[in-house]
Amino acid sequence: MASFPSSTNVLRLFLLTLILLTGSVSGEAQLKSKRLKLSPSSLIKESDLDYQLWEGFQLVQQANAGDLRAQHELGLRYIAGHGLFADTSKAFEWIKKASDRGLSLAQYNLSLFYMNGWGTEWDPFLAYRLQRHASDQGMPEAQFIVALMLTENLVVTRNLSEAYRLMKMAADADLEPAQEALAEFQKKGYDRIAPDTSAQKRRDTTGSAARQKDPREFIFLNFGSDSAGTEPDDFIQQTESILRDIASLKRILNVTRSGESWEMIRRASMFGSPEARVLLGRCFELGATCPKDPLQAAAHYLSALRLDYPRAYELLRDLVYQREFAALLEKRAKAEDPVAQYVWAGLLALRIDFRLTEQQSLGLLTQSASKDFSDALLELGVNAASGRWMPQDRQKAMAYWTRAAERGSKEAEIRLAVNRILGKESDQLEEDLQFLHAAVNEGSILAHLTIAYCHEKGIGLPQNRPLAVRIYRSIARRGSEGAYVALQRMHDEIRPDDAEFRIGE
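Residue numbers 218 to 722, in this note's numbering, belong to the letters of the sequence shown in order.
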């Protein structure tokens, strides 16, 4: 039997790298560019074309003759286009043949096909079983991925002690991403969690509670090159230094364009970037690059909460409980300051301030909106759409957002486009989707969520559930509860009726 130069190790690391990175980038365009930059052909040293074709012919012959390793190798060659025309479906077919016959490396690689929907349907449950088998065989890369999956509470019930055990095994095997992840696990205290050997107990007592915890902490922690630098929460404590670091600021805001820091934050804020809102809030709270104004700070924190950013709640609560805040709020609200009126109404909605009735709060919000305060108009639109404090009325919501858009609010324009698309009433679907794609590059979580949903359901875009999952993951890492709920829903829709995958409610 002729021997073939093996690309196995290169491809295995490529697949591992690709799955890690596709969960961390901020926009669909960036997802595509990452895949182009990380093409297998860029990692494999090319040989003479005629030799590759002859080698590929021999490999096909041996794979068809039933050679196990030749089948796996042929699948890898189809992925890379190495001596053969690249063909993801054929790659899946041949790697599955080797996996079905028990080759653990093929099982590992096949799991990544299921996890990413390459040449097959997206199936994270089958992917987990294959990864678990490879992990049990001692493969560090599989131990790393299983450890991450055990933190998510999406495929299987969260088990942080087991996740730590497997991550440490992978780290001890000198897998660099696992070593970085292990340090993060230790920082979060996973090494101090007592092992729970009762799987049934975990299903009965851990699942429902775990789903109530902050989900963003667990969404496939990314330890590739994109994660270097400021952690998601660090910027809140490092506001002044972040303002001087344009590269970090772009990463935090999830934007593509550069500029002067204040202008970057202001523009991202207009488009509905919750990180930009939090940074503006911190600037007004600290008096960094702008006059100190606790009420402006509170208004930005409230707006970040409207934009699906729960981390802003603690910042708002701590600010509100500061001495003199309540008196200042009441004084400026009575002076008909629209910012104060908006803030006071928002504090009642969050059950932080109980000095007003719901009708009084709605009155304050309406008064603020009457002065063309965009955040008040946006909030009234959300209330009308959801039926909070008023009868549910979608047309009324659209009217409020139209007024805000006329006053320059890009967030309002996004909400109008989203409602036209999801309400299936858009006579400008292509134009609305183009606008949302552009808004993603300006930091909008709402636009990104909608793009993901359109890919999931095939609304105006090709249906692509694996891509939707990757986008939801990237949004969840930013702190979005909505993205995590979407991931839960997508997993639950195809969850096998098997105790192994049962997550308690």
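Built from N, CA and C at the ideal position, the CB exists for glycine as well.
- Residue state for Met356 is assigned as coil, using DSSP reduced to three classes.
- With at least 16 other beta carbons inside 10 angstroms of its own, Pro341 counts as buried.
- Within the model, the alpha-carbon separation for Leu633 versus Gln279 is close to 58 Å.
- Approximately 16 Å separates the beta-carbon atoms of Leu536 and Ala562; this is outside 8 Å, ruling out the contact.
- When the alpha-carbon of Met707 is set against those of Asp714, Lys674, Arg695, the nearest one is in Lys674.
- By the neighbour-count criterion, in which a residue is buried when 16 or more other Cβ atoms sit within 10 angstroms of its Cβ, Lys385 is buried.
- Looking only at Ala505, Phe501, Pro412, the smallest Cα-Cα distance to Leu460 is reached by Ala505.
- Counting C-beta atoms within 10 angstroms of its own C-beta, Asp709 has fewer than 16 neighbours from the protein chains shown and is therefore classed as exposed.
- In the pairwise beta carbon analysis, the region 280-290 is classified as touching the region 308-321: at least three pairs are separated by under 8 Å.
- Counting the other Cβ atoms within 10 Å of the Cβ of Ile711 gives fewer than 16, which makes it exposed.
- The three-state reading of DSSP puts Gly498 in helix, counting H, G and I together.
- Per the C-alpha coordinates, the member of Thr456, Asp317, Leu582, Ser697 positioned closest to Leu285 is Asp317.
- Cβ neighbours of Met356 within its own chain (closer than 8 Å, five residues either side excluded): Ser321, Leu322, Tyr325.
- Here Gln513 is buried, its C-beta having at least 16 other C-beta atoms within 10 Å.
- When rounded, the separation of the alpha-carbon atoms in Leu597 and Val372 is 38 Å.
- The shortest CA-to-CA distance from Ile662 to any of Val472, Gln455, Gly336 is the one to Val472.
- Fewer than three pairs of CB atoms, one per stretch, sit closer than 8 Å, so the region 531-546 makes no contact with the region 578-593.
- Judged by their CB atoms, Ser697 and Asp525 are nearer to each other than the 8 Å cut-off.
- By the CB criterion at 8 Å, Leu503 and Thr456 fall inside the cutoff.
- Under the three-state reduction of DSSP output, Cys507 falls in the coil class, being neither helix nor strand.
- A residue is called buried once 16 or more other Cβ atoms fall within 10 Å of its Cβ, and Leu650 is buried on that count.
- Gly640 and Ala400 have their C-alpha atoms spaced approximately 46 Å apart.
- Contact check for Thr667 and Ile638: beta-carbon distance about 7 Å, within the 8 Å limit, so the pair qualifies.
- In the DSSP assignment, His665 falls within the unbroken alpha helix (DSSP H) covering 662-674.
- Rounded to whole angstroms, Phe488 and Ser520 show a C-alpha spacing of 12 Å.
- In terms of CA proximity to Ile569, Glu531 leads the group Glu531, Val599, Arg605.
- Lys548 and Leu567 have their C-alpha atoms some 21 Å from each other.
- Note on geometry: alpha-carbon atoms of Gly476 and Ile296 lie some 40 Å from one another.
- If you check the CB distance, Asp592 and Arg624 do not come in under 8 Å.
- In this structure Leu365 is not in contact with Asn376, their Cβ atoms being roughly 12 Å apart against a cut-off of 8 Å.
- In the DSSP assignment, Asn333 falls within the unbroken alpha helix (DSSP H) covering 321-333.
- Every alpha helix (DSSP H) of 4 residues or more that sits fully in the region 336-410 is shown, in chain order, as 341-353, 357-369, 377-389, 393-405.
- Between the alpha carbons of Ser691 and Glu369 lies a distance of about 14 Å.
- Between Ala601 and Asp610, the CB-CB gap stays under 8 Å.
- Leu466 and Ala716 have their C-alpha atoms some 44 Å from each other.
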